[in-house]
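Take the numbering used here: the last position of the sequence shown gets the number 149, and nothing is skipped along the way.
Cβ atoms here follow ideal geometry from the backbone N, Cα and C, with glycine treated the same way.
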Amino acid sequence: MLHVQCRCGAIGIDVAEEPIAQIFCHCDDCQTVHGAAYVPESVYKAEAVTISRGNPKQWTLKSNPRFFCPDCGTKLFIDVLALKLRGLNGYLLPKERFNPTYHMQCQFAVQPVRDNLPHYKSLAPQWTGPDETVDW
Numbered sequence: 014m015l016h017v018q019c020r021c022g023a024i025g026i027d028v029a030e031e032p033i034a035q036i037f038c039h040c041d042d043c044q045t046v047h048g049a050a051y052v053p054e055s056v057y058k059a060e061a062v063t064i065s066r067g068n069p070k071q072w073t074l075k076s077n078p079r080f081f082c083p084d085c086g087t088k089l090f091i092d093v094l095a096l097k098l099r100g101l102n103g104y105l106l107p108k109e110r111f112n113p114t115y116h117m118q119c120q121f122a123v124q125p126v127r128d129n130l131p132h133y134k135s136l137a138p139q140w141t142g143p144d145e146t147v148d149w
């Protein structure tokens, strides 16, 4: 069991399983919500990530609800309802617990990110996307 919390400690989150994936998302929704060029996400089965303390606020962009701390504003997670997944903000994890394996939605990238990971143009094959990468 892993326990993480928002920056002020008002919201506690328990993670009961290992992630299905750890990624960097460049989609325009993540850019809008986080005010960042791309976002680290640790993806789990929805039931594996639970609130252990506090009451996060929720709002929905398009169809997926997102949760944040009402006190400090920390973005906590997104519920991907169609896939029954919960994408936990990778910044909440200890650095040694976040090991991304690819970038996705790079068609929306603000700038090229050059590293040794695959850079999928849209969704990664793991999420039924095409095996199409961008060449930076």
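Discussion item. Quick check on DSSP: helix, strand or coil for R127?
Written reply: If you number the sequence shown from 1, residue 127 lands on position 114. The answer is coil: DSSP assigns R127 none of H, G, I, E or B.
Worksheet item: Between T63 and the rest of its own chain, which residues show a CB-CB distance below 6 Å, the 5 nearest in sequence each way excluded?
Response: Taking the sequence shown and counting its residues from 1, the one referred to as residue 63 is at position 50. So the qualifying residues of the chain are D27.
Worksheet item: Can you give the Cα-Cα distance for M117 and Q71, rounded to whole angstroms?
Response: Numbered from its first residue, the sequence shown carries residue 117 at position 104. Numbered from its first residue, the sequence shown carries residue 71 at position 58. M117 and Q71: Cα-Cα distance of roughly 25 Å.
Worksheet item: What first and last residue would you give for the alpha helix (DSSP H) that runs through H47?
Response: Along the sequence shown, read from residue 1 onward, the residue named residue 47 stands at position 34. Looking at the DSSP string, the run of the alpha helix (DSSP H) that includes H47 is D41 to H47.
Fill in: Buried or exposed by the 16-neighbour rule on C-beta atoms within 10 Å, applied to K75
As a working mapping, residue 75 is identified with position 62 in the sequence shown. K75 is exposed by the Cβ-count criterion.
Fill in: CA-to-CA distance, P83 to R127, given in whole angstroms
Numbered from its first residue, the sequence shown carries residue 127 at position 114. Numbered from its first residue, the sequence shown carries residue 83 at position 70. R127 and P83: Cα-Cα distance of roughly 35 Å.
Discussion item. Looking only at its chain, what residues have a beta carbon closer than 6 Å to the beta carbon of G25, apart from the 5 residues adjacent to it on each side?
Written reply: In the sequence shown, the residue the question calls residue 25 occupies position 12. Closer than 6 Å at the Cβ level, and outside the excluded window around G25, lie Q18, S65 and R66.
Discussion item. Given this structure, state the Cα-to-Cα distance separating Y104 from R79, to the nearest angstrom.
Written reply: Residue numbering aside, residue 104 sits at position 91 when the sequence shown is read from its first letter. Residue numbering aside, residue 79 sits at position 66 when the sequence shown is read from its first letter. If you take the alpha carbons of Y104 and R79, they lie about 15 Å apart.
Practice prompt. Out of R110, E54 and L96, point me to the one whose CA is closest to L89's CA.
Written response: Counting from one through the sequence shown, the residue named residue 89 turns up at place 76. With distances taken between Cα atoms, L89 lies closest to E54.
Discussion item. By the three-class DSSP mapping on this structure, what secondary structure does F81 have?
Written reply: Here residue 81 refers to the residue found at position 68 of the sequence shown. F81 falls in the strand class under three-state DSSP.
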